[in-house]
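Chains as they are written, first to last, in the numbering used here: chain A, 1 to 307; chain B, 1001 to 1243.
No residue lacks a Cβ here, since even glycine has one placed at the ideal position from N, Cα and C.
Just so it is clear, the structure is predicted and the values come from calculations on it, not from any experiment.
These notes are about the structure you will find just below.
Have a look at this one:
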């Protein structure tokens, strides 16, 4: 869906992105991960041409991004940034309607879409559509930011450290929302962060960048278990590696099917880290496991975590 | 309704209109204030005529300064005009530091007597606050808002029209307010070169040693400036975006 091919960008003689190639398949949740200055934001911003690249080619949905005017390209790509960038003089509904209006949608369709998106982001449409951004909390503002990016139903969503500026509890909730939206809509998401935990939680594929080059590309599990270089090993964090492994594996992988146990069940798509947390908090060594519908389908024991 | 009666603009406006059309009512006050001086009311032109002429002069000069000032500010905040920013600022500053009286003296030989040299002097004098505030207003738009606007696919014109100017409007308006209010006071010197303004009774009074003329002109011009300022304050409240 996004095809970056041998792209370079230099600022004042210094290569920020250096002969980078990266292919993001349809419906992937690709996280660009790396320390500050590794070129991850620049890479993201080259895709919607907020930054011009010096050489190489970028295709989105098979089309060369240079083949159309930048405004047209950007209206087809969702864009979410850290400080939300909501228009402070526009109400929530008008903010969300930005791109549909640019595309000339009829009024009723815009209204219906705004309602739909507020509901998708779990903001009560009646209560929120006429508020101004300054009347919202940071987390609510970012929900509106995500809704605005999704408004014209783009195939691709670019997210530049979208949750870096909110408190940990809000961040956790927002990460849950974006994971759900990704599952429900099947959008291709390219997500920039420097937070390894966030990357492990959300990504289907992680691209680690170092000095403008691709250091490693792989699934979260792959990155944690088989770091290709010292840089990746150091960045992923050599010490907490065991806990990180727990946080990329799902309960379903280690569950004993058919058994049952006391107490509130844990979801089968929860991570092993969450299961360990639950056991620690409840002083037990066995949890019931439930599927999406809430039915108990098995158990997981403390010993299963370290198997 | 009660809010309207408490509004200072209403009372200042009423007093202004009363003085404008019936200054004679106040001649006992002049008599009491200046015993021994004949309480004469200026009558070479009606105060209404003076007001109309004064208003047109200031409106023309300030209108032009507003259009040119905002235009220059937009130009120097675009990528193409960024290099001219310092130059524009210097020129606008010279315009304001150069005394209007000197501009008049220089402009009269070229433009003749009457309102025209005064309009030029007022235009130059009023440009700086508008240019400076407009630049500050446009530059105060948060970088993230600009980035989001670009990233959503707004064209440059749409960014300017729908994002930058509405967000900058209160600061720009504050500049126009200062410029117009100063302009109303400064326009009086135009009467030294034949423009018909509230300065006319002041200059006539000074020349003919008629103190009441001076006071009549001065009070009217002060009320005119205060009233305009109060009306701008109302406009600013209406224009300020929430938050």
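*May I ask you to verify whether the segment 1077-1095 of chain B touches the segment 1198-1215 of chain B, counting CB pairs closer than 8 Å and requiring at least 3?*
no
Mind listing the chain B neighbours of residue 50(A)? Cutoff is C-beta to C-beta under 9 Å, in chain order.
-> The residue labelled residue 50(A) in the question sits at position 50 within the first chain. Within chain B, the residues near residue 50(A) are 1147, 1150, 1151.
- Tell me the DSSP bridge mates of residue 256(A)? As a first step, residue 256(A) must be located in the first chain, where it is residue number 256. Paired residue(s): 299(A).
CA-CA distance, residue 40(A) and residue 89(A)? Residue numbering aside, residue 40(A) sits at position 40 when the first chain is read from its first letter. Residue numbering aside, residue 89(A) sits at position 89 when the first chain is read from its first letter. C-alpha separation (whole angstroms): 31 Å.
Using the Cα positions of residue 95(A) and residue 1067(B), report the straight-line distance between them to the nearest angstrom. To locate residue 95(A), count along the first chain from 1; it is residue 95. To locate residue 1067(B), count along the second chain from 1; it is residue 67. Between residue 95(A) and residue 1067(B), the C-alpha separation is close to 30 Å.
Let's test the definition: count the other Cβ atoms within 10 Å of the Cβ of residue 11(A) and tell me whether it reaches 16, buried, or not, exposed.
By one-based count along the first chain, residue 11(A) stands at place 11. Label assigned to residue 11(A): exposed.
Quiz prompt | Exposed unless 16 or more other CB atoms sit within 10 angstroms - verdict on residue 1133(B) | solution = Residue mapping note: residue 1133(B) aligns to position 133 of the second chain, counting from 1. It counts as buried.
Beta-carbon gap between residue 193(A) and residue 2(A) smaller than 8 Å = Walking along the first chain from the start, residue 193(A) turns up at place 193. Walking along the first chain from the start, residue 2(A) turns up at place 2. Cβ distance not < 8 Å, so residue 193(A) and residue 2(A) don't count as in contact.
Show which residues of chain B have a CB atom less than 8 Å away from the CB atom of residue 71(A). As a first step, residue 71(A) must be located in the first chain, where it is residue number 71. Within 8 Å Cβ-Cβ: 1153, 1154, 1155.
* In this structure, does DSSP put residue 63(A) in helix, strand or coil? -> Mapped onto the first chain, residue 63(A) falls at position 63. It is a strand residue.
Rounded straight-line distance, which links the Cα of residue 1153(B) to that of residue 210(A) = Within the first chain, the letter at position 210 stands for residue 210(A). Within the second chain, the letter at position 153 stands for residue 1153(B). Residue 210(A) and residue 1153(B): Cα-Cα distance of roughly 30 Å.
Worksheet entry | chain B within 8 Å of residue 85(A), Cβ atoms only | Position 85 of the first chain holds residue 85(A). True, the Cβ-Cβ gap to chain B drops below 8 Å.
Checklist entry - Does residue 1166(B) come within less than 8 Å of chain D when only Cβ atoms are used? => result Of the chains in the structure shown, none is chain D; the protein chains are A and B.
- Item | Beta bridge counterpart(s) of residue 33(A) as assigned by DSSP | In the first chain, residue 33(A) corresponds to position 33, counting from 1. According to DSSP, residue 33(A) bridges with 193(A), 208(A).
Note to self: Between which residues of its own chain and residue 1224(B) is the CB-CB distance below 6 Å, once the five residues before and five after are set aside?
What the structure shows: By 1-based counting over the second chain, the position of residue 1224(B) is 224. Only 1184 meet the Cβ criterion.
Requested in this report: Look up residue 1006(B) in the DSSP assignment and say whether it is helix, strand or coil.
Outcome: One-based indexing of the second chain puts residue 1006(B) at position 6. Correct three-state label for residue 1006(B): helix.
Task: Coil, strand or helix - residue 233(A) by DSSP - done: Taking the first chain and counting its residues from 1, one reaches residue 233(A) at position 233. Of the three classes helix, strand and coil, the one that applies to residue 233(A) here is helix, per DSSP.
query = DSSP puts residue 159(A) in a beta bridge; with which residues?
reply = Here the question's residue 159(A) lines up with position 159 in the first chain. In the DSSP output, where bridge partners are listed per residue, residue 159(A) has 80(A), 191(A).
task: Check residue 26(A) in the structure and name its three-state DSSP category.
output: The sequence position of residue 26(A) within the first chain is 26, counting from 1. Looking at residue 26(A) - three-state DSSP - the assignment turns out to be coil, as it is neither helix nor strand.
Q. Can you list, in chain order, the residues of its chain whose CB lies under 6 Å from that of residue 74(A), leaving out five sequence neighbours each side?
A. Position 74 of the first chain, counting from 1, holds the residue named residue 74(A). The residues are 48.
- prompt: Can you tell me whether DSSP reads residue 121(A) as helix, strand or coil?
  reply: Translated into positions along the first chain, residue 121(A) becomes position 121. In the structure shown, residue 121(A) sits in coil (DSSP, three-state: anything other than H, G, I, E or B).
- prompt: Where residue 1214(B) and residue 1047(B) are concerned, what is the direct C-alpha to C-alpha distance, given to the nearest angstrom?
  reply: Sequence index remark: in the second chain, residue 1214(B) carries index 214 (1-based). Sequence index remark: in the second chain, residue 1047(B) carries index 47 (1-based). In a straight line, the C-alpha of residue 1214(B) is about 13 Å away from that of residue 1047(B).
Inset, instruction - With distances taken Cα to Cα, identify the nearest neighbour of residue 1118(B) among 1194(B), 1093(B), 1019(B). - result: Numbered from 1 along the second chain, position 118 holds the residue referred to as residue 1118(B). Residue 1194(B) is the option with its Cα nearest to residue 1118(B).
- request: List the residues of chain B that residue 358(A) touches, going by C-beta distances under 8 Å, in chain order.
  value: Residue 358(A) falls outside the range modelled here, since chain A spans only 1 to 307, and no answer is possible.
### Proximal residues of chain B, C-beta to C-beta of residue 241(A) below 7 Å
Numbered from 1 along the first chain, position 241 holds the residue referred to as residue 241(A). Those do not exist, as residue 241(A) stays about 36 Å from chain B at its closest Cβ, beyond 7 Å.
In terms of DSSP beta bridges, what is residue 271(A) paired with? Here residue 271(A) is taken as the residue at index 271 of the first chain, counted from 1. According to DSSP, residue 271(A) bridges with 250(A).
### Task
Return the bridge partner residues of residue 213(A) from the DSSP annotation.
What you label residue 213(A) is simply residue 213 of the first chain in a count that begins at 1. Its beta-bridge partners are 210(A).
### Query
Identify the residues that DSSP records as bridge partners of residue 9(A): which are they?
Counted from its first residue, the first chain places residue 9(A) at position 9. Note: residue 9(A) sits in a beta bridge opposite 17(A).
Would you list, in chain order, the members of the segment 94-118 of chain A that have their beta-carbon closer than 8 Å to a beta-carbon of chain B? 98, 99, 102
I'd like to check one pair, residue 6(A) with residue 56(A): are the Cβ atoms closer than 8 Å? For the purposes of this step, residue 56(A) is identified with residue 56 of the first chain, where counting begins at 1. For the purposes of this step, residue 6(A) is identified with residue 6 of the first chain, where counting begins at 1. A contact, by the Cβ cut-off of 8 Å.
Using C-beta distances below 8 Å, list every residue in its chain close to residue 1023(B), excluding the 5 sequence neighbours before and after it, in chain order. Start at 1 with the first residue of the second chain, and residue 1023(B) comes out as number 23. Correct list, in chain order: 1041, 1042, 1047, 1216.
Discussion item. Can you tell me which residues form a DSSP beta bridge with residue 1027(B)?
Written reply: Reading the second chain from its first residue, position 27 is the one you call residue 1027(B). Answer is none; residue 1027(B) lacks a bridge partner.
Practice item. Step through the CB atoms of chain B and report whether any lies within less than 8 Å of the CB of residue 11(A). Key: Numbered from its first residue, the first chain carries residue 11(A) at position 11. Not closer than 8 Å to any Cβ of chain B, the Cβ of residue 11(A) fails to qualify, so no.
key: 8 Å Cβ shell around residue 1020(B) - same chain, five flanking residues per side excluded   = Reading the second chain from its first residue, position 20 is the one you call residue 1020(B). Correct list, in chain order: 1047, 1048, 1051, 1220.
Does residue 128(A) have its Cβ less than 8 Å from a Cβ in chain B?
Locating residue 128(A) in the first chain gives position 128, counting from the first residue. No, residue 128(A) does not count as interfacial toward chain B.
| Grouping DSSP H, G and I as helix and E and B as strand, with all else coil, what is residue 3(A)? | Taking the first residue of the first chain as position 1, residue 3(A) is located at position 3. It is a strand residue.
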